[in-house]
Amino acid sequence: MSSVSVRPLGDHLRTWRQRRRMSQLDLALEAEISQKHLSFVESGRSVPSREMVLNLAERLDVPLRERNMMLLSAGYAPLFPERSLDDPAMAPARAAIDLVLKAHTPFPALAVDRHWNLVLANAALPPLLAGVSDRSLLEPPINVLRLSLHPGGLAPLIANLAEWRAHLMDRLHRQIEVTADPVLSRLRSELLAYSSDRESGPHGNVDSYAGLVVPLQLRTPQGVLSFLSTTTVFGTPIDVTLSELAVEAFLPADAATSDALRALATSRDGKA
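Here the sequence shown stands for residues 137 to 408, where the numbers follow my numbering.
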């Protein structure tokens, strides 16, 4: 586990309750306890049971990593393990992720951790990164957001950069609101400092997706390829690593993109 917070449990509860914009009464009603009891827990006058800590964390939608910290602050052992994907116990989950990534071939798909660092990717992704000028961005750990928006990364190749940047920054902002992760806050500050004189408005057939999704339009030797992205997460994870993992899949937004990706895959397989 990462470093353990020494803050009292009441501080954790108050912070997350305020972040979720809930009053003591709101949370007490959700947790089916009295407001007085919750007030005593927040002030440290009452020591809650392990089950009560988990109940309050569930009502506040606290991430599993922070639930472990809340348990420690209350004097209990962490409940949720944090294991590497290479751990034998994670083999079924790793196999499921590999299956999802392979199933998306010849379309690109990747798995990222809570800080948007690349964990796994299928064979369709590397050819799309050939135009990255700053090759240091492709050295592990590869941060997908930094790679996307850095002037030496994919940013100059994204035809609708202003639109795509706004989409990514909105996602990051919402993630910070949910997790309160300081690493993500620093990443946001870094990304906001990037600038590009090549940003442009929507390109091509963006209008057909207006109000529904934001496409990624990438300039490649095969022309402008348009993608619609989807995100897949584990529905009921009880491991910290799995709870923070997301699979990002990029599906072709038009027939030309689909044909180009299939042709790339055929060429790649022929050289294998």
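The beta carbon of each residue, even a glycine, is placed where N, CA and C say it ideally should be. Keep in mind that this is a model prediction, so the values were computed, not measured.
Please report the residue range of the alpha helix (DSSP H) in which residue i lies.
i: Ser362; result: Not the alpha helix (DSSP H): Ser362 falls in the beta strand (DSSP E), residues Gly359 to Thr368.
i: Glu187; result: Arg186 to Arg195
i: Phe176; result: Gln171 to Ser179
i: Glu166; result: Gln160 to Ala167
i: Arg155; result: Leu145 to Arg155
i: Leu320; result: Pro318 to Ala329
Helix, strand or coil for residue i per DSSP?
i: Glu299; result: helix
i: Leu208; result: helix
i: Thr241; result: coil
i: Leu256; result: strand
i: Pro388; result: strand
i: Ala382; result: strand
i: Leu246; result: strand
i: Asp343; result: Residue confidence for Asp343 is low, a pLDDT of 47 falling below 50, so the modelled location carries little weight; the figure read from the coordinates is stated next. Note: Asp343 maps to helix in three-state DSSP.
Using the beta-carbon count (16 or more within 10 Å), is residue i buried or exposed?
i: Leu274; result: exposed
i: Ser159; result: exposed
i: Ile374; result: exposed
i: His240; result: buried
i: Gly289; result: buried
i: Ser220; result: exposed
i: Gln154; result: exposed
i: Pro131; result: Nothing in the structure corresponds to residue 131, since the chain is present only between 137 and 408.
i: Pro244; result: buried
i: Ala232; result: exposed
i: Ser185; result: exposed
i: Pro277; result: exposed
i: Ser325; result: exposed
i: Ser362; result: buried
Using a Cβ-Cβ cutoff of less than 6 Å, which residues in the same chain neighbour residue i once the five nearest sequence positions on both sides are dropped?
i: Glu178; result: Gly146, Leu149 and Arg150
i: Pro93; result: As shown, the chain starts at 137 and ends at 408. That puts residue 93 outside it, with no answer to give.
i: Val236; result: Val383
i: Ser413; result: Outside the displayed span of the chain (137 to 408) sits residue 413, for which this structure offers no information.
i: Pro217; result: Asp375
Residue range of the beta strand (DSSP E) that residue i falls in?
i: Leu285; result: Premise fails: Leu285 lies in the alpha helix (DSSP H), Val280 to Leu285, not in any beta strand (DSSP E).
i: Arg355; result: Leu352 to Thr356
Once the 5 residues before and after residue i are set aside, which same chain residues still bring their CB inside 8 Å of it?
i: Leu328; result: Met305
i: Arg404; result: Ala259 and Pro263
i: Gln358; result: Ala396, Ala399 and Leu400
i: Tyr330; result: Leu285, His286, Pro287 and Ala291
i: Thr393; result: Leu361, Ser362 and Phe363
To which residues of the same chain is residue i closer than 7 Å at the C-beta, ignoring the five residues directly before and after it?
i: Ala164; result: Ser170, Gln171 and Leu174
i: Pro144; result: Gly180 and Ser209
i: Val248; result: Leu254, Val255, Val280, Ala382 and Glu384
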